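Novice:
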Amino acid sequence: MKFLLIEDNRDLASAIISRMRLDGHVIDHAEKLSDAAAFVETGEYDLILLDIMLPDGDGRDFLQQHRASDLDTPVIVLTARSQVSDRIGSLDLGADDYVTKPFDHAELEARCRAVLRRKSGNSKTTVEIGGVVFDPVAGHLTVGGEAVTMRNRELRLLELFLNAPGQIFPKTKLADRLFSYDEDVSENAIEVYIARLRKHLSASNLRIITLRGLGYRLDRDE
Amino acid sequence: MLTLIGGAAVLALLLFFTVRNYAVQVAQQGQDSILEASAKSMLDAATIRDGVVELDLPYSAFSILSTAADDRVFYAILQDGNFLSGYEDLTFSDSQTFQSDYIRGSGVRKISASRTLIGANRRTELQIVVAQTKDALSETLDRISRNTALLGIGFFVLAVALSFWATSTTIGQLGKLTTSVTRRGPQDLSPFAKPVPREMVPLVSSLNSLMGRLDQSLSQSEDFIAEAAHRVRTPLATVRSYAEATLQRVDKEENREAMRSMVKAIDESSRAAGQLLDHAMITFRADHLERDEIDLVDLVTDLVQRMTPIAEMKDLSLKVLGVPRAPYSGDPVLIQNAVRNLIDNAMKYGPAESSIEITVSANPRPRITVCDHGSGFPSSEIGTLTTRFQRGANAKDTIGSGLGLTIAQDVAMAHGGGIELENQPEGGACVTLSF
Amino acid sequence: MRNLIVLALVFLCHAGWAQDWEDQQIFKEAQATATLRIISSTDTDLFAPLIEAFVSRNPDIAIEYLVTGTADLDRRFRRTPDAFDIAISSAMDLQFRLTNDGYALELDGVSHPAWAQWRRSLFAFTSEPAAIVINRAAFDGQPIPQTRQELIEALRARPEVFRGRVGTYDVRQSGLGYLFATQDARASETFWRLMEVMGGLDARLYCCSGDMIDDLTNGTIAVAYNVLGSYAEARAESQDVFEIILPSDFPTTMMRTALVSKETGEPEAAQRFIQFLVTYQFEPTDVTRTLPPLHDRENGTERATIALEPTLMTFLDALKRDKFLTEWENALIQN
Chain A
779 MKFLLIEDNR DLASAIISRM RLDGHVIDHA EKLSDAAAFV ETGEYDLILL
829 DIMLPDGDGR DFLQQHRASD LDTPVIVLTA RSQVSDRIGS LDLGADDYVT
879 KPFDHAELEA RCRAVLRRKS GNSKTTVEIG GVVFDPVAGH LTVGGEAVTM
929 RNRELRLLEL FLNAPGQIFP KTKLADRLFS YDEDVSENAI EVYIARLRKH
979 LSASNLRIIT LRGLGYRLDR DE
Chain B
49 MLTLIGGAAV LALLLFFTVR NYAVQVAQQG QDSILEASAK SMLDAATIRD
99 GVVELDLPYS AFSILSTAAD DRVFYAILQD GNFLSGYEDL TFSDSQTFQS
149 DYIRGSGVRK ISASRTLIGA NRRTELQIVV AQTKDALSET LDRISRNTAL
199 LGIGFFVLAV ALSFWATSTT IGQLGKLTTS VTRRGPQDLS PFAKPVPREM
249 VPLVSSLNSL MGRLDQSLSQ SEDFIAEAAH RVRTPLATVR SYAEATLQRV
299 DKEENREAMR SMVKAIDESS RAAGQLLDHA MITFRADHLE RDEIDLVDLV
349 TDLVQRMTPI AEMKDLSLKV LGVPRAPYSG DPVLIQNAVR NLIDNAMKYG
399 PAESSIEITV SANPRPRITV CDHGSGFPSS EIGTLTTRFQ RGANAKDTIG
449 SGLGLTIAQD VAMAHGGGIE LENQPEGGAC VTLSF
Chain C
83 MRNLIVLALV FLCHAGWAQD WEDQQIFKEA QATATLRIIS STDTDLFAPL
133 IEAFVSRNPD IAIEYLVTGT ADLDRRFRRT PDAFDIAISS AMDLQFRLTN
183 DGYALELDGV SHPAWAQWRR SLFAFTSEPA AIVINRAAFD GQPIPQTRQE
233 LIEALRARPE VFRGRVGTYD VRQSGLGYLF ATQDARASET FWRLMEVMGG
283 LDARLYCCSG DMIDDLTNGT IAVAYNVLGS YAEARAESQD VFEIILPSDF
333 PTTMMRTALV SKETGEPEAA QRFIQFLVTY QFEPTDVTRT LPPLHDRENG
383 TERATIALEP TLMTFLDALK RDKFLTEWEN ALIQN
């Protein structure tokens, strides 16, 4: 995925960028609206993350101009303002969704996925590996030609493994990605999700290996 | 109005009695002075010759007593207390100069005057008593009373007419002003430009200046809330994002635990700050409630659509149930905020892979019920849960302030409704907003 | 007059209510139910036509008309006010005092000008000047005096002609004479000079106008001073003997007045009579009136007319009267 982040706060921007890159996304950063316009003209983006309060103007003005152009790149607004007063304005001006700062990165990801799923239409962003076809945006998994119904957490777990095949994920790291910080998650819960995912993938060439004391790893049967 | 008329009547009566009383005095003084002149002229005509009193009664003594009302006249001439001539039955009791009396069927006013005559070998005291009926006096008084009564009535009528005129113009203008103030929406704080009578200019200008200050402080408070939110949230967002990113890279478990605590703390404080700000904004909007025609089903559907990504993260499903349409006149921002808080709560307490049902009903009154399948409210605390900052005893480990329910209750009450908490028999909490 | 029965009863000497009236007559229609007793100082023949007219229009009311002198009238009326229903007199001062003293009834139903009434109780109905009446024979070839001063000069010029042949009221007996004399005295000092002249000529003194005019007619006297012009005129129409002079220096005009007794038993009939009387005498009419009419004050005579007001009581004061009569006697009775 290719994102454009328009955010004047550099600290926040770099935190978002580093977090996004961990998930394997490509992300460009614009600090001003004028820079953002140049980025939009030159590169094709799957999604734009837009801050409202920018040094050279209001993000909503950019949104308006963007909607007036032919581009239909979906936009998620990052707002620090009250949800009450900004919600209507942002959505009416054509934002596809918004998140309120500070945000749970998982929530941002979920919203991005939801927006992309609505917007993508026919364009496929599928991954084919080891006898499975996986569309992370649509949340579809096909194993051996058969569609598999997955829960959200199972889907995200699979996505984690597919983004980094061969990498060892400790249980706590997986828990941090699957659960929000306010949930009290036992390691047993991770084991439940790993077990479900193994069951979904049983007909494929993909195997989740347990490395005792270290964590889990996705392997592919040759 | 009645006070004005009553006041005018009292004033008119006061005017009548004051003028009449004064007229009585003046008229009586007039008669007294004429009587005195008559008596004096008689006394002046007295002489003593060879020890005998002669009194050549002057013509003028009687001519000045002639009145238009043909008043009767009585007089008596006495020497050392012995009757000489005139009317023997006319007496004068004591030293008082003027007296009122009743003689031969008529009320009279009488005067006594005396003079010492000194002859060759004796002194003698000559006393004159003159009395006159009071017909002319009463006629004068009657006339004055009539005129004064007319004056009083005229005054009363004029006063009533004036007060009618004054109140109808002033109250009328005030009424118009009141109507135009009342007709305004709560957001309309522009000054009044309609022309008003000069007397009301200070009132209107102070009203306008109040409106101006109110407008300023209101927009300042709106701006302030927005600005405060911005100032607090942006740095929190930065720290949180860093913490999360760091968490992904750090492998050492105690460091990871520290980072998790940090993110938790940030979430808790940012949610608290957010809800405080939301609550301030809601209180503000509830005080200036603006109603739009909305469909509660549309509103809830929109909200559910937006909240679905978060619910999905927890493998929760949001279901909208109930009537297909529920038209209502209310503030959509407030109602959505209230319902969002309820769904937030439900998502916090609802177990994973369960569902949250949002039911909209239209009759007998619009209601929105949010039910989860969690552990439900502690039955002992149902009554106090909506008090600000109260949290359920079983929610120790769940992030979120108790403001969610308070906000929902404030919104419901601002719309003339209320909030009800109950536990479902098969488990789970239900919160119903009624409007 | 066809239904009118005039009963003329002359009581020369009558026992019972044996007052010696100068005249006493009853005017009555057959169906009369009420009788008004009128005590009057006016001769019956002057009043009769008016009473007859009244009785013919008010046949239910009979009139008993009693004639006496003004002073006697005042005295009798004060003594027995319940014996009379109406008092009519030429002595304005006495009538006024009767009213002032409360003997008169207020009549609210009578309409009459304010100047011609007092307290709606005393009503004036004639205007009669005091006249100098002379026997033409005595002034044959001499200028006729037009003022009191001219009369004084004429008397002084020919005392031999006028000695014992001038007459005037005995003001001690005649109320009207006293009224005229006091009004004259008030108006001018000429009065006293005239009295002195007349006193010097051994003036004859009369109780009543009628007697004086009788003596004037038969030549006993040549000059009568302060005679009622109306009485003289009543005779002058038939006789060409004397001339009536209204003094042009200060004429004195008297108004005859009527009042209703406060103790009358017939207040309604009395009021009808008074209203008839004042209307008959004041309204312009073609009827030949035997009594002189009441002149409106607007046509010039009011200056000399004695006003109905409290000043009328001035000369009735005992002290004042004594003083006046003393002076009068000193002037007129010189021997």
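Chains as they are written, first to last, in the working numbering: chain A, 779 to 1000; chain B, 49 to 483; chain C, 83 to 417.
Don't be surprised by glycine CBs; every beta carbon is placed ideally from N, CA and C.
Note that the structure is predicted; figures quoted are calculated from it, not measured.
Is there a Cβ from chain B that is less than 7 Å from the Cβ of Ser964 of chain A?
Specialist: Numbered from 1 along the first sequence, position 186 holds the residue referred to as residue 964 of chain A. So no, Ser964 of chain A is outside the interface.
Novice: Express the C-alpha separation of Ile314 of chain B and Gly917 of chain A in angstroms, rounding to a whole number.
Specialist: As a working mapping, residue 917 of chain A is identified with position 139 in the first sequence. As a working mapping, residue 314 of chain B is identified with position 266 in the second sequence. Near 30 Å, if we compare the C-alpha coordinates of Ile314 of chain B and Gly917 of chain A.
Novice: Mind checking the stretch 346-369 of chain B against chain A and listing, in chain order, the residues whose C-beta falls within less than 8 Å of any C-beta there?
Specialist: Arg354, Thr356, Pro357, Ile358, Glu360, Met361, Lys362, Asp363
Novice: Would you verify that the beta carbon of Tyr107 of chain B is, or is not, closer than 7 Å to some beta carbon of chain C?
Specialist: Position 59 of the second sequence, counted from the first residue, corresponds to residue 107 of chain B. With 7 Å as the cut-off, Tyr107 of chain B counts as an interface residue toward chain C.
Novice: What separation, rounded to the nearest whole angstrom, lies between the Cα atoms of Tyr959 of chain A and Asp340 of chain B?
Specialist: As a working mapping, residue 959 of chain A is identified with position 181 in the first sequence. As a working mapping, residue 340 of chain B is identified with position 292 in the second sequence. Each residue's Cα considered, the two are about 38 Å apart.
Novice: Look up Phe86 of chain B in the DSSP assignment and give the residues it is bridged to.
Specialist: For the purposes of this step, residue 86 of chain B is taken as the residue at position 38 of the second sequence. Residue identity check: residue 86 of chain B is Ser in the sequence provided, not Phe. Note: Ser86 of chain B sits in no beta bridge, so no partner.
Novice: Beta-carbon within less than 7 Å of Ile342 of chain B's beta-carbon, same chain only, minus the 5 sequence neighbours each way: which residues are those?
Specialist: Mapped onto the second sequence, residue 342 of chain B falls at position 294. So the qualifying residues of the chain are Tyr376, Gly378, Pro380.
Novice: Taking 8 Å as the limit between beta carbons, can you name the residues of its chain near Leu138 of chain B, skipping five residues before and five after?
Specialist: One-based indexing of the second sequence puts residue 138 of chain B at position 90. If we look at Leu138 of chain B and ignore the five residues flanking it on each side, its Cβ neighbours are Phe122, Tyr123, Ala124, Ile151, Lys158, Val177, Ala179.
Novice: For Gln357 of chain C and Phe364 of chain C, what's the separation of their Cα atoms in angstroms?
Specialist: Within the third sequence, numbered from 1, the residue matching residue 357 of chain C stands at position 275. Within the third sequence, numbered from 1, the residue matching residue 364 of chain C stands at position 282. Going from the Cα of Gln357 of chain C to the Cα of Phe364 of chain C covers about 10 Å.
Novice: Between Ser847 of chain A and chain B, is any beta-carbon pair separated by less than 7 Å?
Specialist: Residue 847 of chain A sits at position 69 when you count from the first residue of the first sequence. Chain B places no beta carbon closer than 7 Å to that of Ser847 of chain A, leaving this residue out of the contacts.
Novice: Using the beta-carbon count (16 or more within 10 Å), is Ile805 of chain A buried or exposed?
Specialist: Indexing the first sequence from 1 puts residue 805 of chain A at position 27. It counts as buried.
Novice: Go through its chain and collect everything with a Cβ distance to Arg304 of chain B's Cβ below 7 Å, but skip five positions before and after it.
Specialist: Sequence index remark: in the second sequence, residue 304 of chain B carries index 256 (1-based). Once the five neighbours on either side are set aside, the close Cβ partners of Arg304 of chain B are Leu295, Val298.
Novice: Less than 7 Å between CB atoms is the rule here; does Lys312 of chain B satisfy it with respect to chain A?
Specialist: Residue mapping note: residue 312 of chain B aligns to position 264 of the second sequence, counting from 1. With 7 Å as the cut-off, Lys312 of chain B counts as an interface residue toward chain A.
Novice: For a quick check, are the C-beta atoms of Val279 of chain C and Leu310 of chain C less than 7 Å apart?
Specialist: Counting from 1 along the third sequence, the entry for residue 279 of chain C is found at position 197. Counting from 1 along the third sequence, the entry for residue 310 of chain C is found at position 228. Contact flag unset, no.
Novice: Determine, for Gln296 of chain B, whether the minimum Cβ-Cβ distance to residues of chain A falls below 7 Å.
Specialist: Locating residue 296 of chain B in the second sequence gives position 248, where the first residue counts as 1. It does; some Cβ of chain A falls within 7 Å.
Novice: Please state whether DSSP places Cys289 of chain C in a helix, a strand or coil.
Specialist: As a first step, residue 289 of chain C is located in the third sequence; it is residue number 207 there, counting from the start. Correct three-state label for Cys289 of chain C: coil.
Novice: Can you tell me the Cα-Cα spacing of Asn256 of chain B and Gly223 of chain B, whole angstroms?
Specialist: Translated into the one-based positions of the second sequence, residue 256 of chain B becomes position 208. Translated into the one-based positions of the second sequence, residue 223 of chain B becomes position 175. The straight-line gap from Cα to Cα measures roughly 17 Å.
Novice: Let me know if Ser86 of chain B comes out buried or exposed under the rule of 16 or more other beta-carbons within 10 Å of its beta-carbon.
Specialist: Within the second sequence, the letter at position 38 stands for residue 86 of chain B. Counting the other Cβ atoms within 10 Å of the Cβ of Ser86 of chain B gives 16 or more, which makes it buried.
Novice: If you measure from the CB of Arg929 of chain A, is any heavy atom of the ligand ATP nearer than 6 Å?
Specialist: The model on display carries no ligand, and the ligand ATP is accordingly not part of it.
Novice: Quick one: is Leu401 of chain C near chain B, going by C-beta distance under 7 Å?
Specialist: Counting from one through the third sequence, the residue named residue 401 of chain C turns up at place 319. Yes - at least one Cβ of chain B is within 7 Å of the one on Leu401 of chain C.
Novice: Could you round the C-beta distance between Asn983 of chain A and Asp962 of chain A to whole angstroms and report it? I think they count as a contact, below 8 Å.
Specialist: As a first step, residue 983 of chain A is located in the first sequence; it is residue number 205 there, counting from the start. As a first step, residue 962 of chain A is located in the first sequence; it is residue number 184 there, counting from the start. About 36 Å; that fails the 8 Å criterion.
Novice: Could you please tell me which residues of the stretch 875-900 of chain A, in chain order, have their CB closer than 8 Å to any CB of chain B?
Specialist: Asp875, Thr878, Lys879, Pro880, Phe881, Asp882, His883, Ala884, Glu885, Ala888, Arg889, Arg891, Ala892
Novice: If you run the structure through DSSP and keep just helix, strand and coil, what is His807 of chain A?
Specialist: Counted from its first residue, the first sequence places residue 807 of chain A at position 29. Note: His807 of chain A maps to strand in three-state DSSP.
Novice: Are there 16 or more other CB atoms within 10 angstroms of the CB of Ala116 of chain B, so buried, or fewer, so exposed?
Specialist: In the second sequence, the residue the question calls residue 116 of chain B occupies position 68. Answer is exposed; the Cβ neighbour count stays below 16.
Novice: Does Arg865 of chain A pass the burial test, meaning 16 or more other C-beta atoms within 10 Å, or should it be called exposed?
Specialist: Counted from its first residue, the first sequence places residue 865 of chain A at position 87. The predicted position of Arg865 of chain A is uncertain, since its pLDDT is 49 and thus under 50; no value can be drawn from it.
Novice: Could you tell me the distance, in whole angstroms, from the CA atom of Thr407 of chain B to the CA atom of Val371 of chain B?
Specialist: Here residue 407 of chain B refers to the residue found at position 359 when the second sequence is read from its first residue. Here residue 371 of chain B refers to the residue found at position 323 when the second sequence is read from its first residue. Cα to Cα, Thr407 of chain B sits roughly 8 Å from Val371 of chain B.
Novice: Mind pulling the chain C residues with CB within less than 9 Å of Asp190 of chain B?
Specialist: Against the second sequence, residue 190 of chain B aligns to sequence position 142. Within chain C, no residue comes near Asp190 of chain B; the closest Cβ sits about 16 Å away, beyond 9 Å.
Novice: Quick check: Ala285 of chain B and Lys879 of chain A, are their CB atoms within less than 7 Å of each other?
Specialist: The residue labelled residue 285 of chain B in the question sits at position 237 within the second sequence. The residue labelled residue 879 of chain A in the question sits at position 101 within the first sequence. Closer than 7 Å, so yes.
Novice: Taking only beta carbons into account, state which residues of the stretch 360-394 of chain C come closer than 7 Å to chain B, listed in chain order.
Specialist: Glu391, Pro392, Thr393
Novice: At a CB distance below 9 Å, what residues from the stretch 146-172 of chain B approach chain C? Give them in sequence order.
Specialist: Ile151, Arg152, Gly153, Ser154
Novice: Spell out the partners DSSP gives Ser341 of chain C in its beta bridges.
Specialist: In the third sequence, counting from the first residue as 1, residue 341 of chain C sits at position 259. The amino acid at residue 341 of chain C is misidentified as Ser; the sequence shows Leu. Answer by DSSP bridge pairing, in chain order: C:Ala169, C:Leu204.
Novice: Listed in chain order, which residues of the stretch 171-200 of chain C have Cβ atoms closer than 9 Å to some Cβ of chain B?
Specialist: Cβ contacts with chain B: Thr181, Asn182, Asp183, Gly184, Ala196, Gln199, Trp200.
Novice: Name the DSSP beta bridge partners of Phe122 of chain B, please?
Specialist: Counting from one through the second sequence, the residue named residue 122 of chain B turns up at place 74. The partner list for Phe122 of chain B (beta bridge, DSSP) reads B:Ala179.
Novice: Under a Cβ-count criterion, where at least 16 other Cβ atoms within 10 Å of its own Cβ denotes burial, should Tyr288 of chain C be classed as buried or exposed?
Specialist: The residue you call residue 288 of chain C lines up with position 206 of the third sequence. Buried: at least 16 other Cβ atoms inside 10 Å.
Novice: Using DSSP with H/G/I as helix, E/B as strand and the rest coil, what is Gln79 of chain B?
Specialist: Translated into positions along the second sequence, residue 79 of chain B becomes position 31. Helix.
Novice: Nearest CA to the CA of Ala304 of chain C: which residue from C:Val248, C:Ile226, C:Leu204, C:Thr370?
Specialist: Position 222 of the third sequence, counted from the first residue, corresponds to residue 304 of chain C. Of C:Val248, C:Ile226, C:Leu204, C:Thr370, the residue nearest in Cα terms is C:Val248.
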